[in-house]
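Residue numbers (the numbering used here): -1 to 383.
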Amino acid sequence: GVFSGVLGMYSFDQRMASVVNNTGKKGWFVAILELGAWFGVLCTGYLADRFSRKYTIVGAVIVFCIGVIVQTAAFHPSSIYGGRFVTGLGVGSLSMAVPLYNAELAPPEVRGSLVALQQLAITFGIMVSFWIDYGTNYIGGTTTGQSESAWRIPLGLQLVPAVILGVGTLFMPFSPRWLVNNGRDDEALQVLSRARRAAPNSDLVQIEFLEIKAQYLFEKETAALKYPDLQDGSWKSDFKLGLHDYISLLHYRPLLYRVAVGTLTMFFQQWTGVNAILYYAPTIFQELGLTGSTNSLLATGVVGIAMFLATIPAVIWVDQAGRKPVLISGAFLIAACHFIVAILSGLYEDSWPAHRAAGWAACALVWIFAMGFGYSWGPCAWIVV
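Structure, rendered in structure tokens:
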């Protein structure tokens, strides 16, 4: 969220003029974070199994912070490219490790709401970053004379929540599933006991523990039968076992179906165009007739508020309403907003000043889009996966 506002700041444009004034290079400024995230996701599964979900999150935070520091201190476009790629590695790793950790630690009866709470935290961060951009845009003025602190401060402030997450995670327990997978059953029982606020020998804790244990034993015995030569416990054998597990997802039809559901759900979440809105919101609002960086940043701030507020009902009611109806209704609302904005843009893109009502209608539809995504595909896609 923070980089969309930075892209529209005068001092950043002057510093990075060779890239910002070139549409293709500007697109890579944005997209290279997603490329880094893709690589980050690829290695997170192995790291989470090998070193725990907890330490993987801490490691991802450290990588993220390194990328942020490089961006904040940047004087050349190459530093932004490199910093955003490294930041993306951390973002991708966190986007996989955090939901996994949440799902394994959360009680089954509220697992959906707690995973949705992650999306609420994301939208809160997006909202705050938009308004920080709006505020720092005034440092030294909004045009000539604007201080570079206007864009360096919001980039640097990304360190604050990251450090809180990293340090806070150190005080959190290990995932009970990871503990069982590593032969630490007593610790797993204690974690479940504290999380459920029940004695280790209570039925609630014992049932959940035995479910986790049964799943682990099933996977272990199946692997021993299929790959008897990879049971020495070395990191090399564990890596090969993990690789075989990934390959089996494509060969075994029931697993392939589940993989397809999860993969396509996240694919269509991104295909809603939400990242285009979040990254290019100031540019979009300028093209819809809101002149000046200040007005476009103000309108972008409203996007953050709309998305955050719309996510709150999902956290409260998603376990009661069901995932599928929420996703379907959100898809229709998002599609309608896209369709109408496209029509308005096609009719009035060359004459927005003469059609102010149409311009404001298009802006309002962008805000409605943010709300539609906020209550549906934002949180529910993570829950389905």
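C-beta: ideal position from N, C-alpha, C; glycine also.
According to DSSP, simplified to helix, strand and coil, what is Asn100? Asn100 carries a helical assignment under DSSP once its states are collapsed to helix, strand and coil.
In the DSSP assignment, find the alpha helix (DSSP H) that holds Arg109 and state where it starts and stops. Its alpha helix (DSSP H) spans residues Arg109 to Thr134.
Pick out the complete alpha helix (DSSP H) segments inside the stretch 233 to 279, 4 residues or longer, and give them in chain order. Considered as a whole, the stretch 233 to 279 harbours 233 to 249 and 251 to 269 as its complete alpha helix (DSSP H) runs of no fewer than 4 residues, in chain order.
Quick check on DSSP: helix, strand or coil for Glu347? If DSSP states are grouped into helix, strand and coil, Glu347 belongs with coil.
Measure from the alpha carbon of Pro377 to the alpha carbon of each residue in Leu363, Trp365, Val364 and Gly320, then state which is nearest. Comparing Cα positions, the closest option is Gly320.
Give me, in chain order, the residues of the same chain whose beta-carbon lies closer than 7 angstroms to that of Ser294; leave out the 5 immediate sequence neighbours on both sides. Around Ser294, the same chain offers Gly6, Pro280, Phe283, Gln284 and Leu288 as residues with beta carbons nearer than 7 angstroms, after the five sequence neighbours per side are excluded.
Pull up the distance between the alpha-carbon of Lys211 and that of Asn179, whole angstroms please. Rounded to whole angstroms, the gap between the alpha carbons of Lys211 and Asn179 is 8 angstroms.
C-alpha distance - Arg182 paired with His249, whole-angstrom precision: Put simply, the backbone Cα of Arg182 is about 32 angstroms away from that of His249.
By alpha-carbon positions, which one of Ile78, Lys52, Pro75 and Val66 ends up nearest to Asn100? Here the closest residue by C-alpha is Lys52.
Our contact map puts Thr384 next to Val66 with C-beta atoms below 8 angstroms; I'd like the distance itself, whole angstroms only. Nothing about residue 384 can be reported from this structure: the residues present for the chain run from -1 to 383 only.
Taking only runs of the alpha helix (DSSP H) that begin and end inside the stretch 309 to 363, which ones reach a length of at least 4 residues, in chain order? For the stretch 309 to 363, the continuous alpha helix (DSSP H) assignments of 4+ residues that do not extend past its boundaries occur at 321 to 346, in sequence order.
According to the Cβ coordinates, are Gly(-1) and Gly302 closer than 8 angstroms? Taking 8 angstroms as the cut-off, the Cβ atoms of Gly(-1) and Gly302 count as close.
Could you give the C-beta distance for Trp365 and Val113, rounded to a whole number, given that I count them as a contact under 8 angstroms? At roughly 25 angstroms, the Cβ-Cβ gap does not stay under 8 angstroms, so Trp365 and Val113 are not in contact.
Quick check: Ala308 and Met264, are their CB atoms within less than 8 angstroms of each other? No, Cβ-Cβ distance for Ala308 and Met264 is not below 8 angstroms.
Would you mind sorting Thr21 into buried or exposed? The rule is 16 or more other CB atoms within 10 Å of its CB. Classified as exposed, Thr21 has fewer than 16 neighbouring CB atoms from the shown chains inside 10 Å of its CB.
Tell me where the alpha helix (DSSP H) around Glu217 begins and ends. Its alpha helix (DSSP H) spans residues Asp201 to Lys224.
With 16 other Cβ atoms within 10 Å as the buried cut-off, status of Ser76: Exposed, by the Cβ-count rule.
Pair within 8 angstroms by beta-carbon distance, Gly81 and Val68: Yes, Cβ-Cβ distance for Gly81 and Val68 is below 8 angstroms.
According to the Cβ coordinates, are Trp350 and Leu286 closer than 8 angstroms? In contact: Trp350 and Leu286 (Cβ atoms closer than 8 angstroms).
Hey, how far is the Cα of Leu253 from the Cα of Val161? Computed Cα separation, rounded: 37 angstroms.
Residue ranges of each alpha helix (DSSP H) run of no fewer than 4 residues wholly in the stretch 42 to 72, ordered along the chain? Complete alpha helix (DSSP H) runs here, min 4: 51 to 70.
In whole angstroms, what separates the C-alpha of Leu400 from that of Cys361? Because residue 400 is not part of the residues shown, which for the chain are -1 to 383, the question remains open.
So Ile341 packs on Phe371, CB below 8 angstroms; how close in whole Å? Incorrect: roughly 20 angstroms between the Cβ atoms, too far for contact.
Kindly indicate which residue of Leu103, Lys23, Leu118 and Val61 has the alpha-carbon position closest to the one of Val316. Nearest in C-alpha terms to Val316, of all of Leu103, Lys23, Leu118 and Val61, is Leu118.
What did DSSP end up calling Glu185 once you bin it into helix, strand or coil? Glu185 carries a helical assignment under DSSP once its states are collapsed to helix, strand and coil.
Start and end residues, alpha helix (DSSP H) containing Arg394: Not covered by the structure: residue 394. The range shown for the chain is -1 to 383.
Beta-carbon proximity list for Val300, same chain, < 8 angstroms, skipping 5 on both sides: Cβ neighbours of Val300 beyond the five flanking positions: Trp365.
With C-beta atoms as the reference, is Asp131 less than 8 angstroms away from Pro159? Contact: no.
Pop quiz: Val96 and Gly38 are said to be a contact at Cβ under 8 angstroms. What is the actual Cβ separation, rounded to whole angstroms? 12 angstroms between Cβ atoms; not a contact.
If you draw a straight line from the C-alpha of Thr134 to the C-alpha of Ser16, how long is it? Between Thr134 and Ser16, the C-alpha separation is close to 23 angstroms.
Buried or exposed by the 16-neighbour rule on C-beta atoms within 10 Å, applied to Tyr278: Classification for Tyr278: buried.
On a Cα-Cα basis, can you pick out the residue from Ile205, Tyr44, Val382 and Ala334 that is closest to Val257? Looking only at Ile205, Tyr44, Val382 and Ala334, the smallest Cα-Cα distance to Val257 is reached by Val382.
Residue from Ser343, Leu296 and Cys335 whose Cα sits closest to the Cα of Phe367: Residue Cys335 is the option with its Cα nearest to Phe367.
Just to confirm my understanding: we take Met305, look at its own chain, exclude 5 residues before and 5 after, and list those with CB closer than 6 angstroms. What are they? The residues are Thr121, Ala368 and Gly372.
Excluding the five sequence neighbours on either side, which residues of its own chain have a C-beta within less than 7 angstroms of the C-beta of Leu239, listed in chain order? Short of 7 angstroms from the beta carbon of Leu239, and not among the five residues preceding or following it, lie these beta carbons of its own chain, in chain order: Ala221, Tyr225 and Leu228.
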